[in-house]
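Residue numbers (numbering that gives the first Met the number 0): 0 to 436. In this text, a Cβ means the ideal position worked out from N, Cα and C, and glycines have one as well.
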Amino acid sequence: MSAGIDPQAESSERTPQQARKQQLAAAVRAAAANAADEVGGGLALIFAAAPGESGIECASRLRAAAGFSSAQAARDAAQTLLPEVRDALEHRAVGSYGAHPSLGERGVGGTQVHPLICEDRLHGALVIASPAALDSVGQQKVAARVEGLSLRLDHAHMLEQSAEMSDVLRQVDTKHEDKQEEILKLSEALFAQDIELLRSNEKLNKIEKLKNDFIERMSRELRTPVNGIIESIISVLTGENESLSDTAKASLRRALDDGTGFLRTLQNIIDLWRIQRSELPVEVQDVNFRETVDEAIFSLQDDIEGKPLTVEQQLQEPFPKIRTDLTKINQILFLMLDNAVKFTPQGKIEIAARVNDGRLHCEIRDTGVGICTDDQQYIFDEFYQVDEPASDKYRGAGLGLALVRNLIILLEGEIAVRSEVGAGSTFIFSIPVQVVG
0 MSAGIDPQAE SSERTPQQAR KQQLAAAVRA AAANAADEVG GGLALIFAAA PGESGIECAS
60 RLRAAAGFSS AQAARDAAQT LLPEVRDALE HRAVGSYGAH PSLGERGVGG TQVHPLICED
120 RLHGALVIAS PAALDSVGQQ KVAARVEGLS LRLDHAHMLE QSAEMSDVLR QVDTKHEDKQ
180 EEILKLSEAL FAQDIELLRS NEKLNKIEKL KNDFIERMSR ELRTPVNGII ESIISVLTGE
240 NESLSDTAKA SLRRALDDGT GFLRTLQNII DLWRIQRSEL PVEVQDVNFR ETVDEAIFSL
300 QDDIEGKPLT VEQQLQEPFP KIRTDLTKIN QILFLMLDNA VKFTPQGKIE IAARVNDGRL
360 HCEIRDTGVG ICTDDQQYIF DEFYQVDEPA SDKYRGAGLG LALVRNLIIL LEGEIAVRSE
420 VGAGSTFIFS IPVQVVG
């Protein structure tokens, strides 16, 4: 949902001033919608003074919002965040905050408040709340958006000043050459800002293109050779090759495991990218959940073997047939079990699941190392890994749980975690499903 908070009334005969205000309102609404999209489907609020106004009180008025379910929800969020907005305006500095409870899932990645300043002229603030912590590309896009919006607001204020001076000159003696010269300077500055606005938009488009080109190139240039290497290793291991020693075969198996893990990480990156671009479709089909759990456990058998570790299932009896996206459920279960196996050197992993009121509820509990309270708010962020010495011995790129959360959100579900250091972790998720029997 993208909306202007104070829309202008339509008029069959608009004055130039009304036309400028409506054009600015449309540009601000578009900026809010684009900003929300650029942070992966988050939330955006734009506070700004109207052209001709100045001061923090005027600059902290809500003008547009995007990503909210209704205009009232946007107003409520704006009222809640007003202290942070005024702080950013007073100090003319970016404010970064954790997830705000009132912003829901779209804001769990944290909130940023960016003052909108052009050549030391303060015009307002852009508030961004994202569903995941912003990476460097996301930060660059937000910075470019802030720069472009600051220029656009400054442009509107200078236009208003120019119009006011023109009105004054029409009412007084035209011999006031100093006023004419000031208007000329303003016109030159407005032209220069038009050029800067074009450059700002070009910068945003260039960042997006570079990101997309990199993902596509990585997909093509890395997956193909890695697949070829894996197939060659499998061919050697399954063939009748007596010249290979046991040590050589063990080395090849390790290389096969590493290659498969690398390919899986690469696929996780691509899937995250496709979800953020809304290019990963949901394909609903019949799902035998019990079989899906068995397949996920079997896929991790090599990692489980050699550990004093048991995996137990506590599934509803009888478990009903459901309809949802089989591929994504399989991926979610594998990634969550892989995470549990990785951080549970010994003990037990339990999978509990039931269907109730049209939702699949699932818990994965382990007796592993656990997660400290400070880390729990970040574990679903992309590339995040717990910062402790023990983490060096655990493989992974910090993408598994980030992808899990994105897949669950894609399926319109929810996920949460309970954990204590040394006492294990419990991950709980639920998604809507169709019950077919």
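Can we count residue i as close to the ligand NAD, meaning its CB is less than 7 Å from some heavy atom?
i          : result
valine 354 : For the ligand NAD, the structure offers nothing, since it holds no ligand at all.
Using the rule of at least 16 other Cβ atoms within 10 Å of the residue's Cβ for burial, across every protein chain shown, is residue i buried or exposed?
i                 : result
proline 82        : exposed
threonine 79      : exposed
glutamate 146     : buried
asparagine 338    : buried
aspartate 153     : buried
lysine 248        : exposed
threonine 343     : buried
glutamine 138     : exposed
phenylalanine 288 : buried
valine 112        : buried
serine 277        : exposed
serine 53         : exposed
glycine 108       : buried
Taking just the CA atoms, how far does residue j sit from residue i?
i              : j              : result
histidine 90   : proline 114    : 9 Å
alanine 58     : valine 84      : 9 Å
alanine 65     : arginine 28    : 8 Å
glycine 227    : leucine 255    : 11 Å
alanine 31     : glutamine 160  : 25 Å
leucine 265    : alanine 351    : 30 Å
threonine 326  : isoleucine 427 : 19 Å
glutamine 69   : alanine 63     : The sequence as given places serine at residue 69; glutamine does not occur at that position. Going from the Cα of serine 69 to the Cα of alanine 63 covers about 12 Å.
leucine 299    : leucine 406    : 20 Å
aspartate 86   : glutamate 37   : 25 Å
isoleucine 408 : glutamate 104  : 9 Å
valine 286     : lysine 320     : 6 Å
asparagine 33  : glutamate 362  : 36 Å
leucine 336    : isoleucine 370 : 16 Å
threonine 14   : leucine 158    : 14 Å
leucine 400    : tyrosine 377   : 10 Å
glutamine 433  : glutamate 316  : 18 Å
glycine 238    : isoleucine 229 : 14 Å
glutamine 21   : lysine 140     : 26 Å
valine 310     : cysteine 117   : 59 Å
glutamine 71   : proline 100    : 17 Å
Output needed for residue i: all residues of its chain with C-beta closer than 6 Å, excluding positions within five of it in sequence on either side, in chain order.
i             : result
arginine 364  : Glu349 and Thr425
glutamate 411 : Pro431
valine 368    : Phe342
Determine the contact status of residue i and residue j, defining contact as a CB-CB distance below 8 Å.
i              : j              : result
alanine 98     : glycine 41     : no
alanine 73     : histidine 122  : no
arginine 437   : isoleucine 414 : In the structure displayed, the chain extends from 0 to 436; residue 437 sits before or after that span and is not available.
valine 126     : threonine 110  : yes
alanine 132    : leucine 23     : no
leucine 314    : valine 403     : no
valine 235     : glycine 258    : no
asparagine 366 : glycine 423    : A small correction: the amino acid at residue 366 is threonine; asparagine does not occupy that position in the sequence shown. Against a cut-off of 8 Å, the Cβ pair of glycine 423 and threonine 366 comes out as a contact.
valine 340     : aspartate 302  : yes
arginine 151   : alanine 35     : no
leucine 251    : isoleucine 232 : yes
glycine 106    : glutamine 275  : no
With which residues is residue i paired in a DSSP beta bridge?
i              : result
alanine 43     : Ala65 and Ile127
glycine 238    : DSSP lists no partner for glycine 238.
arginine 105   : Per DSSP, none; premise fails for arginine 105.
glycine 439    : Coverage of the chain is limited to positions 0 through 436, which leaves residue 439 absent and any answer about it impossible.
glutamine 315  : According to DSSP, glutamine 315 bridges with nothing at all.
asparagine 355 : Arg358
aspartate 285  : Arg322
alanine 415    : Ile427
arginine 120   : Cys117
isoleucine 363 : Ile350 and Phe426
glutamine 433  : Arg322
tyrosine 96    : Thr110
In chain order, what residues of the same chain lie with their CB nearer than 7 Å to the CB of residue i, ignoring the 5 residues before and after it?
i              : result
glutamine 345  : Lys306, Pro307 and Leu308
isoleucine 55  : Arg85, Leu88 and Glu89
isoleucine 268 : Leu398
glutamate 419  : Gly369
Could you name the residues of the same chain whose beta carbon sits closer than 8 Å to that of residue i, not counting the 5 residues immediately before and after it, in chain order?
i             : result
threonine 291 : Leu325, Ile328, Asn329 and Leu332
aspartate 386 : Note that aspartate 386 scores a pLDDT of 49, beneath 50, so its modelled location is shaky and nothing firm can be said.
leucine 102   : Leu42, Ala76, Thr110 and Ala128
valine 435    : Asp285, Pro319, Lys320, Ile321 and Arg322
leucine 271   : Glu381, Leu398, Ala401, Leu402 and Asn405
arginine 19   : Pro50, Ala155, Leu158, Glu159 and Ala162
Give a yes or no on whether the minimum CB-CB distance between residue i and chain C is below 8 Å.
i             : result
aspartate 365 : Among the protein chains of the structure shown there is no chain C, as only one such chain exists.
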